[in-house]
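Participant:
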Amino acid sequence: MMESLSINKTASTPSVSYNTEANTFSIIGRSYPENARDFYIPIIKWINENYLQITSPFVLEINLEYYNTASSKFILEILHKFEELYTVKNIDAKIIWQYLQNDDDMKDAGKEYMQIVKMPFEFAEIAL
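In this text, residue positions in the sequence shown follow the numbering used here: the first is 8, and each later residue adds one.
What follows is the structure in structure tokens.
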């Protein structure tokens, strides 16, 4: 049985959760932890431990207001892990990149990730 994941957000870290019923992995908030490695490595470990149990359809939802350079490396690593579900395991999966209305920087960041990660991307603008 796959265990759910739930990390509450703080002033400098996003909430991270996996909803087993909706089959949705979410990263929401701001990400500029003092030590990005300490924050993200347990999440990547959880993904690695539960990877084989993830089924279709799967959604990776990212809604970040801000993230720093150190966080971007780990966000990309997470995207690549879920890309494997799509490309290797043939899981019906997609990324929903959410950004606040008028936040062109965050929208562009999603477009940059879309160029790197080979799986379906959707963009969702959130009204202010």
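Glycine included, every Cβ here is placed at the ideal spot set by N, Cα and C.
#1: Do ASN30 and PHE65 come within 8 Å of each other at the CB atom, strictly closer than that value?
#2: Note down, one range per segment and in chain order, each beta strand (DSSP E) of at least 3 residues found wholly within the stretch 33 to 95.
#3: Using 10 angstroms around the beta-carbon of VAL95, count the other beta-carbons present and answer buried if the total reaches 16, otherwise exposed.
#4: Please name the residue, chosen from ASN26, ILE103, GLY117, ILE14, that lies closest to ILE48 on a Cα-to-Cα basis.
#5: Under three-state DSSP, which class holds GLN105?
#6: Cα-Cα, which of ILE69, ARG37, TYR25 is closest to ASN75?
#7: Which residues in the same chain as SER78 place their Cβ atom closer than 6 Å to its Cβ, once the five residues preceding and following it in sequence are excluded?
#8: What residue range does the alpha helix (DSSP H) around GLU119 cover?
#9: Give me the Cα-Cα distance between PRO127 and ILE102, rounded to the nearest whole angstrom.
#10: Name the DSSP beta bridge partners of ILE14, please?
#11: Take LYS52 as the anchor and find which of LYS88, PRO40, THR62 has the nearest alpha-carbon.
#12: Apply the 10 Å Cβ neighbour rule to LEU18 and answer buried if 16 or more other Cβ atoms are within range, or exposed otherwise.
Facilitator: Taking the definition as stated:
#1: Working through the sequence shown from its first residue, we reach residue 65 at position 58. Working through the sequence shown from its first residue, we reach residue 30 at position 23. Cβ atoms of PHE65 and ASN30: closer than 8 Å.
#2: 65 to 74, all fully within the stretch 33 to 95.
#3: Walking along the sequence shown from the start, residue 95 turns up at place 88. VAL95 comes out exposed.
#4: Counting from 1 along the sequence shown, the entry for residue 48 is found at position 41. Taking each of ASN26, ILE103, GLY117, ILE14 in turn and checking the Cα distance to ILE48, the smallest one comes out for ILE14.
#5: For the purposes of this step, residue 105 is taken as residue 98 along the sequence shown, with counting starting at 1. Strand.
#6: Indexing the sequence shown from 1 puts residue 75 at position 68. Out of ILE69, ARG37, TYR25, ARG37 has the C-alpha closest to the C-alpha of ASN75.
#7: Indexing the sequence shown from 1 puts residue 78 at position 71. Answer for SER78: SER38, ALA43, listed in chain order.
#8: Start at 1 with the first residue of the sequence shown, and residue 119 comes out as number 112. Segment 111 to 123, the alpha helix (DSSP H) holding GLU119.
#9: Here residue 127 is taken as the residue at index 120 of the sequence shown, counted from 1. Here residue 102 is taken as the residue at index 95 of the sequence shown, counted from 1. When rounded, the distance between both Cα atoms is 6 Å.
#10: Locating residue 14 in the sequence shown gives position 7, counting from the first residue. ILE14 is bridged to VAL23.
#11: Translated into positions along the sequence shown, residue 52 becomes position 45. That would be LYS88, whose Cα lies nearest to the Cα of LYS52.
#12: Counting from one through the sequence shown, the residue named residue 18 turns up at place 11. The displayed chain sequence assigns Ala, not Leu, to residue 18. Only exposed fits ALA18, as fewer than 16 other CB atoms lie within 10 angstroms of its CB.
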